[in-house]
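Protein chains: 2
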Amino acid sequence: MAITVVGSVAFDSVETPAGSIDRCLAGAATYFSLAASYFTSVRVIAVVGEDFTAKEEAVFTEHGIDIRGIERAPGKSFFWRGSYLDNLNEAKTLQTDLNVFATFEPRIPEVYADSQFLFLANIDPVLQKRVRDSMPGVKLVGGDTMNYWINDHRDNLLKTLSGVDLLLINDTEAKLLAGTKNPIKAAQEVLRMGPKALVVKHGEYGATAFFGDEIFGIKNGQPTHPFRAPALPLTEVVDPTGAGDSFAGGFFGYIASQPELTPAVFKRAMFYGGVMGSFTVERFGTERLRQLTREEIDQRFEVFRQLTHLD
Amino acid sequence: MAITVVGSVAFDSVETPAGSIDRCLAGAATYFSLAASYFTSVRVIAVVGEDFTAKEEAVFTEHGIDIRGIERAPGKSFFWRGSYLDNLNEAKTLQTDLNVFATFEPRIPEVYADSQFLFLANIDPVLQKRVRDSMPGVKLVGGDTMNYWINDHRDNLLKTLSGVDLLLINDTEAKLLAGTKNPIKAAQEVLRMGPKALVVKHGEYGATAFFGDEIFGIKNGQPTHPFRAPALPLTEVVDPTGAGDSFAGGFFGYIASQPELTPAVFKRAMFYGGVMGSFTVERFGTERLRQLTREEIDQRFEVFRQLTHLD
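Chains C and A, in that order, are what the protein sequence lines are.
Count along the first sequence from 1, add 5, and you get the number used in my numbering.
Count along the second sequence from 1, add 5, and you get the number used in my numbering.
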């Protein structure tokens, strides 16, 4: 079933120990939708500038991604420049130009209205909430956020979180949002803010899901209930940008592709999230993510199983 | 089958956000042997001072641990004082008194000679090598080390590592020993130093095993071959001291208890390592580790399985 995703479609310039890339197609909604497109149909809501040409458009359309919700505005697309030279686990931001994103007013095409799944990628929580409220009929809402919104737009973020079923954030964000360092207490606190499940991403160590109110037939965060998926140990991480968004795309895409939301589906979705993240970081930008086959994805899923399973 | 372990038996004073404890029985060989004692018979080689009384002796003997290799020397036992107030993941050392350990000359009782398994807990690699060379008949040698030996006694350490089959160290130590930050490249480099398998401990994120020359029927570190075991997300970590040694004890103890060394045994051993570590940190010192039952251990093993397995 179709997912609508709202978030950034952008250009990035990135330097890492493996090299650099200039103005490659990027943005949370781009990574998310490419990753999810291997599992289900995806519809994007975003804004781009005049630098978004037929070439970039083709990256989406070749994967069957519906971009009728990508608005074209005068000016330039969102631009980010970052460096991983000091730390592969955390980018140093060198430049952020919001450009057309500064005045973005998301509009949902009528053809998107029957989407059963909605993902609110990392943007201003006011915009996330507006999109969420405009699609009251969706079955499941996923979301992401970042330190900037947690620190400086907390009230708006809390209003958004009350309408999110599944929140995907990283360790630092979870601890910051909850105001506590202990991972379980942080999860319990975040789950009190609205989400029924919280997926905390640990970078090279994978991700852990915690559960609050019943979702996927899983109920109440008792000690036995968290679920942990691995990440793949890699000989070389070329470019970590988009790993988290690709995780979210694989995770949410797999869920949306399944007829029923069961505990088994949720667990497999965690593995598919890790799988898609592991592909993304193998090349700069979206290069690896654009060239996959479902067969390669399922082969790597089996590697993740062998990496963690006793039998 | 019996394990002989050589390492420190000591007293610790520790402060953590949960409180503090003064002069509790501790040391790598203590944590290791208590954890391993739930799986197999254990024999300790260490040195203690006059402060090691019948009370401390009973902690070992009540678990059936053979302490005929614990030498009594005039003076005080090894003492360590540390604080986890700033960082639960890494102790700040406030005081280290080697005391009787400064002139320790390990002597192996004749009754230990038929041990099939040997574990070289974290001590001077010269002593580790001496013990290893004195027991040429053992079937499998495990070992641990730490930053101090890696930095300042590298040549001696390398001589010891050439006689170790299974090395258990943490992320920082592995990267330091290998001289590279990438976890797979670091593992490959360490495996070239002698060990046939390397278990890298990630604290709250569990541990990953990498394989070199054939061991347990597992061969050659190809991408599909690492194995990752989880750690248990805990609401409160009371005292992290001894978690790594307890991991080693559970891991090696389970291996020694099995009739054959198979890939399945190795994987289950990784889980038992995590299980024993998770118990240790629930209370100060060895308190929790002393009071376990095998039933509790196997119940928690099942929790670890649920935490990671898709089905």
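Glycine included, every Cβ here is placed at the ideal spot set by N, Cα and C.
Buried versus exposed, by CB contacts within 10 Å (16 or more), Asp17 (chain A): The residue labelled residue 17 (chain A) in the question sits at position 12 within the second sequence. The residue in question, Asp17 (chain A), is buried, as its Cβ has 16 or more Cβ neighbours within 10 Å.
Listed by chain order, chain C residues near Phe284 (chain A) by CB distance under 9 Å: Here the question's residue 284 (chain A) lines up with position 279 in the second sequence. Chain C residues near Phe284 (chain A): none, gap ~13 Å exceeds 9 Å.
Three-state secondary structure (DSSP) of Lys272 (chain C): Within the first sequence, numbered from 1, the residue matching residue 272 (chain C) stands at position 267. Three-state DSSP puts Lys272 (chain C) in a helix.
Glu76 (chain C), DSSP secondary structure in three states: As a working mapping, residue 76 (chain C) is identified with position 71 in the first sequence. Strand, per DSSP.
Supposed contact pair Gly254 (chain C) and Met281 (chain C) - C-beta distance, whole angstroms, cut 8 Å: Working through the first sequence from its first residue, we reach residue 281 (chain C) at position 276. Working through the first sequence from its first residue, we reach residue 254 (chain C) at position 249. At roughly 6 Å, the Cβ-Cβ gap stays under 8 Å, so Met281 (chain C) and Gly254 (chain C) are in contact.
Local Cβ density within 10 Å of Pro130 (chain C), reported as buried at 16 or more and exposed below that: Locating residue 130 (chain C) in the first sequence gives position 125, where the first residue counts as 1. So Pro130 (chain C) counts as buried.
Separation of Lys186 (chain A) from Leu90 (chain C), as counted between CA atoms: Mapped onto the first sequence, residue 90 (chain C) falls at position 85. Mapped onto the second sequence, residue 186 (chain A) falls at position 181. Taking the Cα positions, Leu90 (chain C) is about 13 Å away from Lys186 (chain A).
Sub-9 Å separation of Val47 (chain C) and Leu30 (chain C) beta-carbons: Locating residue 47 (chain C) in the first sequence gives position 42, counting from the first residue. Locating residue 30 (chain C) in the first sequence gives position 25, counting from the first residue. Taking 9 Å as the Cβ cut-off, Val47 (chain C) and Leu30 (chain C) do not qualify as a contacting pair.
Segment limits, alpha helix (DSSP H) that includes Leu145 (chain A): Looking up residue 145 (chain A) in the second sequence gives position 140. According to the DSSP assignment, Leu145 (chain A) belongs to no alpha helix (DSSP H) but to the beta strand (DSSP E) extending over 145-148.
Nearest residue (CA-CA) to Asp56 (chain C), options C:Gln193, C:Ala40, C:Arg77: Sequence index remark: in the first sequence, residue 56 (chain C) carries index 51 (1-based). Here the closest residue by C-alpha is C:Arg77.
Listed by chain order, chain A residues near Pro235 (chain C) by CB distance under 7 Å: As a working note, residue 235 (chain C) is residue 230 in the first sequence. Pro235 (chain C) reaches chain A at Arg233, counting residues in chain order whose Cβ is nearer than 7 Å.
Residue interval of the alpha helix (DSSP H) (run including Ala41 (chain C)): Position 36 of the first sequence, counting from 1, holds the residue named residue 41 (chain C). Ala41 (chain C) -> alpha helix (DSSP H) spans 33-42.
Val14 (chain C) - DSSP class collapsed to helix/strand/coil: Reading the first sequence from its first residue, position 9 is the one you call residue 14 (chain C). Note: Val14 (chain C) maps to coil in three-state DSSP.
Heavy atom of the ligand FMN within 8 Å of Leu297 (chain C) beta-carbon: As far as ligands go, the structure on display features none, and thus does not contain the ligand FMN.
Residue interval of the alpha helix (DSSP H) (run including Thr290 (chain A)): Walking along the second sequence from the start, residue 290 (chain A) turns up at place 285. It should be noted that the sequence gives Gly, not Thr, for residue 290 (chain A). From DSSP, Gly290 (chain A) is part of no alpha helix (DSSP H); its letter is neither H nor E.
Residue span of the beta strand (DSSP E) that contains Ala212 (chain A), given as start and end: Here residue 212 (chain A) is taken as the residue at index 207 of the second sequence, counted from 1. That run of the beta strand (DSSP E) goes 212-216.
Neighbouring residues, chain A, relative to Thr213 (chain C) (Cβ below 7 Å): Here residue 213 (chain C) refers to the residue found at position 208 when the first sequence is read from its first residue. Near Thr213 (chain C) (Cβ distances below 7 Å), the residues of chain A are Pro238.
Asp316 (chain A): contacting residues in chain C (beta-carbon distance under 8 Å): Position 311 of the second sequence, counting from 1, holds the residue named residue 316 (chain A). Correct list: Ala269.
Phe306 (chain A) to Pro231 (chain C) span [Cα, whole Å]: By one-based count along the second sequence, residue 306 (chain A) stands at place 301. By one-based count along the first sequence, residue 231 (chain C) stands at place 226. C-alpha separation (whole angstroms): 14 Å.
Cβ neighbours of Leu181 (chain A) in the same chain (closer than 8 Å, five flanking residues each side left out): Here the question's residue 181 (chain A) lines up with position 176 in the second sequence. Result list for Leu181 (chain A): Asn152, Ile155, Asn156, in chain order.
Length-filtered (4 minimum) alpha helix (DSSP H) runs lying within the segment 177-205 of chain A: 188-196
Beta-carbon proximity of Phe5 (chain C) to Leu173 (chain C), cut-off 9 Å: With chain C covering 6 to 316 only, the question about residue 5 (chain C) has no answer from this structure.
Segment limits, alpha helix (DSSP H) that includes Lys164 (chain C): As a first step, residue 164 (chain C) must be located in the first sequence, where it is residue number 159. Per DSSP, the unbroken alpha helix (DSSP H) holding Lys164 (chain C) starts and ends at 159-166.
Chain A residues whose Cβ lies nearer than 7 Å to that of His207 (chain C): For the purposes of this step, residue 207 (chain C) is identified with residue 202 of the first sequence, where counting begins at 1. The answer, in chain order, is Tyr210.
Touching by the beta-carbon criterion (3+ pairs, under 8 Å), the segment 290-305 of chain A and the segment 268-275 of chain A: no
Local conformation of Thr21 (chain C) per DSSP, three classes: Start at 1 with the first residue of the first sequence, and residue 21 (chain C) comes out as number 16. Thr21 (chain C) falls in the strand class under three-state DSSP.
Three-way DSSP call (helix, strand, coil) for Phe122 (chain A) in this model: In the second sequence, counting from the first residue as 1, residue 122 (chain A) sits at position 117. Strand at Phe122 (chain A).
Short CB-CB distance (under 9 Å) between Ile189 (chain C) and chain A: Reading the first sequence from its first residue, position 184 is the one you call residue 189 (chain C). Chain A contact via Cβ: present.
Buried versus exposed call for Asn94 (chain A) [16 or more other C-beta atoms within 10 Å across all chains shown]: Against the second sequence, residue 94 (chain A) aligns to sequence position 89. When all chains shown are included, Asn94 (chain A) counts as exposed.
Members of the segment 48-66 of chain A near chain C, C-beta cut-off 9 Å: none
Rounded C-alpha distance that separates Thr313 (chain A) from Leu145 (chain A): Position 308 of the second sequence, counted from the start, is the residue given in the question as residue 313 (chain A). Position 140 of the second sequence, counted from the start, is the residue given in the question as residue 145 (chain A). One C-alpha to the other measures close to 28 Å.
Secondary structure of Val52 (chain C), DSSP reduced to three states: In the first sequence, the residue the question calls residue 52 (chain C) occupies position 47. In the structure shown, the three-state DSSP call for Val52 (chain C) is strand.
Contacting residues, own chain, Cβ-Cβ under 8 Å from Thr58 (chain C) (five flanking each side not counted): The count along the first sequence starts at 1 and reaches residue 58 (chain C) at position 53. For Thr58 (chain C), where only same-chain residues beyond five positions count, there are no Cβ hits under 8 Å.
Closer than 9 Å to chain E by CB, Arg273 (chain A): Absent from the structure: chain E. Protein chains present are C and A.
Contacting positions in the segment 292-314 of chain A - beta carbon closer than 8 Å to chain C: Val308, Arg310, Gln311, Leu312, Thr313, His314
Close-in-space but distant-in-sequence residues of the same chain around Gly278 (chain C) (CB under 6 Å, 5 per side omitted): Position 273 of the first sequence holds residue 278 (chain C). Result list for Gly278 (chain C): Phe252, Gly255, Phe256, in chain order.
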